[in-house]
Amino acid sequence: APQTPAPTSDPTPAPQTPAPTSAPTPAPTSAPTPAPQTTAPTSAPSSALTPSASPSPSPSFSCPDGQVGFTLTLTTDDYPEETRWVLKQGNQWSTGTMIASVDYLTTYTKPQATYIENLCIEENKTFMFRIFDKVRDGICCNYGKGEYSLALNDQEFHTGGAFKRKEQTTFTTISSYSDTNTPPRIEVDTEPKGGNIDSTSEDEEEEILSALPYIEVGKETRGGNIDSISEDEEDSISEDEEEDS
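Residue numbers (the UniProt record's numbering): 1 to 245.
The following block contains the structure:
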């Protein structure tokens with residue numbers, strides 16, 4: 001039988017694609033352009049209505065039901081040790097119930113410093129706040145810019161500081177009080193020079209403790225000794241005795 005002769009040379013190899021001689025073109029170096037975004041308006045639409053009054057704020061400290069947050073903010077003058085105050089519940093100072101008080105010398109010791117006192121007091125009652133200055137020049141403005149303010153539920157209802165020996169604020173406590181609601185009933189009595197507010201034996205005792213000599217007419221000093229007792233002190237004590245009797 002015939003035989004197929006063996007090939008005399010190697011078969012032609014299959015074609016091959018040569019490898020690239022250089023690296024491919026790099027990806028673009030800049031980031032693609034971001035999609036557009038809508039910017040929020042800088043002001044409210046013209047159709048929006050501004051509320052006519054803010055809601056009553058919550059006090060900075062909480063009180064139980066039936067009580068109201070009372071805040072005294074006091075900035076002392078250059079002589080803080082000469083300031084004291086008393087808070088009473090009631091309509092008459094002599095018969096009012098003591099709620100809180102601070103004393104001369106020991107409570108306020110830093111000049112031109114601000115102190116904040118927070119108290120919870122009974123709702124729908126009458127209270128009397130009385131502030132005293134030991135040498136009868138108030139806490140503003142001859143010896144430093146002192147002042148004080150009273151607030152119910154963080155809403156200020158009285159400020160003061162320019163008085164002589166004492167100033168009294170009588171007010172009622174209303175739990176819903178804010179500057180947009182009906183304010184509490186407020187009466188402020190600033191003692192006139194040479195006068196007395198509702199003098200009591202307590203005032204007489206304080207007058208004796210706080211009495212200091214004079215160096216000029218109508219002005220008490222914080223030191224020195226000219227007379228053992230001033231005429232003003234004698235007059236004040238006799239007035240107190242008269243009104244107490």
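Ideal placement from N, C-alpha and C gives every residue a C-beta, glycine not left out.
Answer yes or no: do residue i and residue j have a C-beta to C-beta separation smaller than 8 Å?
{"i": "Gly69", "j": "Leu150", "result": "no"}
{"i": "Thr76", "j": "Ile139", "result": "yes"}
{"i": "Pro128", "j": "Gly96", "result": "Looking at the sequence itself, residue 128 is Met, so the reference to Pro does not match. Closer than 8 Å, so yes."}
{"i": "Thr73", "j": "Ile116", "result": "yes"}
{"i": "Thr126", "j": "Asn91", "result": "yes"}
Around the C-beta of residue i, are 16 or more other C-beta atoms found within 10 angstroms, so that it is buried, or is it exposed?
{"i": "Ile174", "result": "buried"}
{"i": "Lys166", "result": "buried"}
{"i": "Gly146", "result": "buried"}
{"i": "Leu105", "result": "exposed"}
{"i": "Gln155", "result": "buried"}
{"i": "Arg130", "result": "buried"}
{"i": "residue 268", "result": "With the chain running from 1 to 245 in the structure shown, residue 268 is simply not present."}
Taking 8 Å as the limit between beta carbons, can you name the residues of its chain near residue i, skipping five residues before and five after?
{"i": "Ser101", "result": "Arg84, Trp85, Val86 and Leu87"}
Using C-beta distances below 6 Å, list every residue in its chain close to residue i, excluding the 5 sequence neighbours before and after it, in chain order.
{"i": "Glu187", "result": "Thr170"}
{"i": "Tyr108", "result": "Thr76, Pro80 and Thr83"}
{"i": "Asp78", "result": "Pro111, Tyr143 and Gly144"}
Who pairs with residue i in a beta bridge, going by DSSP?
{"i": "Ile121", "result": "Val68"}
{"i": "Ser149", "result": "Thr73 and Thr159"}
{"i": "Phe171", "result": "Phe127 and Ile186"}
Within a Cβ cutoff of 7 Å, which residues of the same chain sit near residue i, ignoring the five residues on either side of it in sequence?
{"i": "Glu123", "result": "Gly66, Gln67, Val68, Thr173 and Ser175"}
{"i": "Ala162", "result": "Gly138, Cys140 and Cys141"}
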